[in-house]
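To start, the structure under review is shown below, and the notes come after it.
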Amino acid sequence: MADLYISEDQADKIELAAVAAVLGGVSVVVHESERLVRAGTRRRHSHRHLLLPALHALHNAKGWISPGGLNHVCELLQVPPAEAYGVATFYDMFRVEEPEHEGDVVHVCVDSACQIAGNEDLISAIEAGGAHVHRSPCLGQCERAPAQFIQGVGRPDHVPADDDPLLFHQAGDPTLRLLKRVGLVDPVSLDSYSQHGGYEALAAAVAMGAEAVCTAVADSGLSGRGGAAFPTGVKWRAVAAEHGRPKHVVANCDESEPGTFKDRFVMENDPFALIEALTIAGFATGAENGWIYIRGEYPLATARLQNAIEQARAAGLLGNDAAGSGHTFDIELRRGAGAYICGEETALFASLEGFRGEPRSKPPFPTTHGLFGEPTAINNPETLLNALDIMLIGPHNYRSRGTERSPGTKLLCLSGRVAQPGVYEVEFGATLGDALELAGGITGSGELAAVLMGGAAGSFVGPDSLDMPLTLEDTRERGTTLGSGVVMAFTTEIDILDVLVRISEFFRNESCGQCVPCRIGTVRQHETMVHLQRTGSLDAARRALVDDISRVMVDASICGLGHTAASAINSALALGLITGVES
Amino acid sequence: MFGAGGGTSSYTEIEETDVILLWGSNAREAHPIFFHHLLKGLDNGAVMYAVDPRRTSSSKFADVWLGLDVGTDIAMANAVGREIIAADLHNKDFIEHSAEGFEDYKAAVEPYTLEYAEQITGVPASAIGEMAHAYAKADKAQILWTLGITEHHNAVDNVFSLCNLALLTGHIGRWGSGLVPLRGQNNVQGGGDMGALPNKFPGFQTVGDPEAHAKFEAAYGMPLNANPGKHLTLMFEAMDEGTIKGAYVIGENPADSEADVDHARRLLAGLDILVVQDIFMTRTAELADVVLPASVGWAEAEGTVTSSERRVQRVRAAVSPPGEARHDTEIIGELARRLGVDWGNPSSEDLWDELRSLSPVHQGMSWERLEAEGGLQWPCPDLDHPGSAFLHGWLWEQDLGGRGPAPFSITEHEGPKDQLTDEFPLRLTTGRALDSYNTGVQSSGFESPIRYGDAIDLSPGDAVALGIADGERVLVTSPRGSVEMVTRIQPDIPRGLTFTTFHFPELVDINTITNDAWDPQSGTAEFKAASIRIDRLASAPVADNPVGANG
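Those protein sequences? They're chains S and Z, same order as listed.
Each number in this note's numbering corresponds to the 1-based position in the first sequence with 15 added.
Each number in this note's numbering corresponds to the 1-based position in the second sequence with 62 added.
Below, the structure written as structure tokens:
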């Protein structure tokens, strides 16, 4: 790009090597001779998606993104430095100022599950040990609360709890569908995966043909497990019907909803299943490009998926004529860098493309204008896993479990005050009480006060909802949501107001700032919660203000973040969980 | 009227085209508004090949930059044509129906193999071939050019060599395809449309054509000279010969802009009478016997302007001209009155209607329509005609409507008049910068953060060879004279080439050394190719870091 103004700061040797390792000598401008140079808008566009990996490399090399390092990447990719700076500062994991401390950064989670599990004590202990702590939004390890994640400098990122042995209470249960291999299969071995029935589903899919796969998925009644519950078959068929442009399937592994850790659990313990399921999605939709966008705080899942991709590729299960399907399909894995909003599908596209992760207006929908503006089927990993069983047992048998409108099984993320927090697979229709029992029931002092359903973007329900069947239809009827499967239990000894203040702070921090209702609404909401906490009361006028803010955010925000930012707080106030609130 | 008149395409067409050949044009800096349309085209997926001796800021937006040697455009174009024919990619139906002279053209370009073109242009043969194939195979393709094509002694042949490519492929007369010469002034097109050309009446009707002659004599009510007049370069030759003794200069600054400008200034100063009508006291005006202060074309004047896409638009006066300044038409009318003819006091609309009565392509553009429709593109022959987005659509019609097929032209590579020699081993070419305009009459009055003055750009390799540092003051000499300049070492410029702008004649009189060899057909001087030598000034210390920070 001609209009590129680069400051005089230069990358040092460490940064040059780090960028070279990830970009492999790629440059938008290629000088073939003194009189022949290739560059141009199309090359610039087609390389822009390398910006985020390059920023990761810079940050890992030095612990921050220096102006010189940024300049170097900008010259290679022909991105204006101001724009690249805007991308770098969008993410929680990236610093653009030289840190005062040396070495690694310990991220400690400050969201609900960890907040009520003594995260402040952990922070004090780590700081007393001399390490630098970064207070992080939910790290997706709620079953291990309080959670930490170590961001390495000059070495890989690391989660201390990943060294602990797997704890999975349902391991080997014959009724499991989605988690049937977890605890039994060796997650780093393709052979082991094959011995446990791996790649039989893809073979069945290839045998029945792409159209039949879409039909089977549609007939199964499978709907999206990321929270929106959109019918998967409809999505796949829409992409399959697009012709003439490159197509994509994306696994949305940017699991960032506070309280959610099911996808991490599956990716760490049965990574080949996701690779196989995504390959089926590619085959069914006719997409040649598979993408996995995984949140940056999941180093173990990232390593295991990368290993699985490489083994699958070496075995001919990816690439030209993938698994003998006659279809070309490969998968590229990309890491996020700490941004809740990137779990929103269009924000994820923007992030993957190398831009700030800001959502786009819909329509047009991803099925016609998705990644790189091309037809895209984007699914949650749990959704994709269901496709394996649908291929193996057929849509009819698939529907033998669950309810008519919520067929199949569901992964729940049980955390908070339960005896055995963790991921559990339940049949749709099991009650909330059943789920809590599965996790060993309520623990600690005090009685059950409330359960947060669906995460920070979900809502609280009271103990009177223990009989609520966990289905899409029943939760909706009761004004709550299954969302991403979060079931977080709070007892009477917990100050729910502390939790609400943090939830409101979370949304304030995570709003991308693109649209006004959310940018301003989340700030006002947080101010109100802080006011309530400080003064112990919320008068009728302020209570009305909370309702107003909520209505405006629901009506006028571009994406789901704004739509749901007030949901948990509204439900808590409506349930009377907070004293001193006038109605 | 193929091959003359105006750009064939509308600006918006470039937003929808597939392949762009930007040839001898630094539109990013010289035509920044049009370039925004081009950028939209690139964003929409168009592939751009930039043919330019320098990797200009425009070329940097190109998918491929082909850095041909200065003055080798015909060799490149002919090789592209030959390759299209050799690969059987030419549009045979279109050529058969709408063009003539194909066999002669084919024979003429036969020697121009890709390898031969590589020898002449310096650009790898494979890249020339790639451009040829991309252009020929494209559904829609445009060739854009400016002064890199026309400021040569063989300017018209350069243009014809590009027109041949459009005829060969049928990339003409269709939406998104075309031949687009970009115009420098907002109203250069309008000037030509109005007959401000030595061989044309208004509406591109040819002087000497009996029918046109009779029409204009009848309209003007007096006998007209049937011979074409002289273009600017010929006028200066006539001054030199003493056959032109007086000049009336309206809105031009030849005392700064002519090639070999010392000579031009002497000629202007030696005239019996020089009248200059301008909005500024230019260097030419300083030489004048009489200066007539004019009003600014926009803001102070009623009338029309016509853009490169042949779009006639209304302009309106917002303020009155200051002091004694008056509208051009008023000054000319007053002059006529003093010379004994009273033209009355016509309004802009009256003048426009006279044009419409004489120029068929403007006939349908009533004042009301221009206002109501936000401008119209000629040809617009009657009041019901919507105007023409692009020209030469008739080439695609079954019946050519009495017009002859469009002719191929035979063009041969000649190279610049100034040959490189041991005495003058470097090539100097001139061009423009984004924030300046021509000789600076309209632009030097404001500050710009990216203005660096008229430095001479040269390659790191030449700087090392000559022992010259970045920013050093040097003596630049051509066969015609010498100027002192400051160097700027540019990593992007090919070895053997130097470049400068000419926006600051008060600082560097660059046209002292440019070549005034000119094209007999267009009258344009060869500003783009002089041969020069760069010498260190005697007083300069030995440079210890010749390449400077850019090396």
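Every residue gets a Cβ at the ideal spot worked out from N, C-alpha and C, and that includes glycine.
Quick caveat: nothing in here was measured; it's all calculated off a predicted structure.
ask   = Looking at the C-beta of leucine 84 of chain Z, does it have a partner C-beta in chain S at a distance below 7 Å?
value = Closer than 7 Å: no.
request  = Would you verify that the beta carbon of leucine 559 of chain Z is, or is not, closer than 7 Å to some beta carbon of chain S?
outcome  = no
query = Tell me, which residues are paired with tyrosine 308 of chain S by DSSP?
reply = Its beta-bridge partners are S:Asn267 and S:Arg349.
query = Any chance the CB of proline 522 of chain Z is under 6 Å from a heavy atom of the ligand ADP?
reply = As for the ligand ADP, it is missing from this structure, which has no ligand bound.
key: Chain-ordered chain Z contacts of valine 52 of chain S [CB-CB under 7 Å]   = Counting only Cβ-Cβ distances below 7 Å, valine 52 of chain S has contacts in chain Z at Arg117 and Trp127, in chain order.
task = With DSSP collapsed to three states, give me the class of glutamine 163 of chain S.
result = It is a strand residue.
key: Cross-chain neighbours of serine 22 of chain S in chain Z, by beta carbon under 8 Å   = None at all; the shortest Cβ gap to chain Z is about 14 Å.
ask   = So, does the CB of alanine 189 of chain Z fall closer than 7 Å to a CB anywhere in chain S?
value = yes
task = Could you please give the first and the last residue of the uninterrupted beta strand (DSSP E) stretch that includes alanine 203 of chain Z?
result = Run containing alanine 203 of chain Z: 203-207, per the beta strand (DSSP E) assignment.
task = Report yes if the CB atom of cysteine 428 of chain S is closer than 7 Å to the CB atom of phenylalanine 276 of chain S, and no otherwise.
result = yes
key: Every unbroken beta strand (DSSP E) within the segment 451-482 of chain S, with a cutoff of 3 residues, ordered by chain   = 463-468 and 474-476
task = Starting from aspartate 105 of chain Z, find everything on chain S with Cβ-Cβ shorter than 7 Å and list it in chain order.
result = Chain S residues near aspartate 105 of chain Z: Thr56.
message = With the cut-off set at 7 Å, would you say arginine 57 of chain S and valine 45 of chain S are in Cβ contact?
response = no
key: Member of Z:Thr346, Z:Ile182, Z:Gly232 and Z:Val113 whose CA lies at the smallest distance from the CA of isoleucine 157 of chain Z   = Looking from the CA of isoleucine 157 of chain Z, the closest CA among Z:Thr346, Z:Ile182, Z:Gly232 and Z:Val113 belongs to Z:Gly232.
query = Around the Cβ of isoleucine 335 of chain Z, are there at least 16 other Cβ atoms within 10 angstroms (buried) or fewer (exposed)?
reply = exposed
message = Distance check for leucine 467 of chain S and isoleucine 584 of chain S, CA to CA, integer angstroms please.
response = 11 Å
key: Contact check, alanine 327 of chain S vs leucine 400 of chain S, beta carbons under 7 Å   = no
query = Where DSSP assigns a beta bridge to glycine 500 of chain S, which residues make up the other side?
reply = DSSP lists no partner for glycine 500 of chain S.
request  = For alanine 103 of chain S, count neighbouring Cβ atoms within 10 angstroms of its own Cβ and tell me buried if that reaches 16, exposed if not.
outcome  = buried
request  = Taking methionine 110 of chain Z as the query, report the chain S residues whose CB atoms sit under 7 Å from its CB, ordered along the chain.
outcome  = Those are Gly55, listed as they occur along chain S.
inquiry  = Cutting at 7 Å between CB atoms, please list the residues of its own chain near leucine 590 of chain S, excluding the five before and the five after it.
reply    = Ala465, Phe475 and Gly477
query = Going along the chain, which residues of its own chain have a beta-carbon closer than 7 Å to the beta-carbon of glycine 236 of chain S, five neighbours each way excluded?
reply = Arg414 and Pro422
task = Give the straight-line distance between the Cα atoms of isoleucine 575 of chain Z and aspartate 322 of chain Z, rounded to the nearest whole angstrom.
result = Taken atom to atom, the span from the alpha-carbon of isoleucine 575 of chain Z to that of aspartate 322 of chain Z is near 6 Å.
request  = Would you please verify whether the beta carbon of glutamate 397 of chain S is less than 7 Å from any beta carbon of chain Z?
outcome  = no
ask   = Going by the beta-carbon positions, is the gap between glycine 331 of chain S and methionine 108 of chain S smaller than 7 Å?
value = no
ask   = Listed from N- to C-terminal order along the chain, which residues in the segment 379-392 of chain S have their beta-carbon within a distance smaller than 8 Å of any beta-carbon of chain Z?
value = none
ask   = Cβ of proline 556 of chain Z less than 7 Å from any chain S Cβ?
value = Chain S contact via Cβ: present.
message = Report the CB separation of leucine 229 of chain Z from alanine 468 of chain Z in whole angstroms; it is logged as a contact under 8 Å.
response = About 6 Å separates the two Cβ atoms, so the contact holds.
inquiry  = Classify phenylalanine 561 of chain Z: buried if its beta carbon has 16 or more other beta carbons within 10 angstroms, exposed otherwise.
reply    = buried
query = If you run the structure through DSSP and keep just helix, strand and coil, what is histidine 454 of chain Z?
reply = coil
query = CA-CA distance, alanine 471 of chain S and glutamate 435 of chain Z?
reply = 56 Å
task = Just mark lysine 154 of chain Z as buried or exposed, buried being the case when its beta carbon has 16 or more other beta carbons within 10 Å.
result = exposed
Cα-Cα separation, asparagine 612 of chain Z to valine 113 of chain Z = Low per-residue confidence applies at asparagine 612 of chain Z: pLDDT is 37, beneath 50, and the placement is therefore not dependable enough to give any value.
query = When you compare only the Cα positions, how much space is there between proline 541 of chain Z and arginine 327 of chain Z?
reply = 18 Å
ask   = Taking only beta-carbon atoms, is valine 142 of chain Z less than 7 Å away from chain S?
value = no
query = Using CA coordinates, which residue listed in S:Leu367, S:Ser499, S:Arg416 and S:Ser376 is at the minimum distance from histidine 263 of chain S?
reply = S:Leu367
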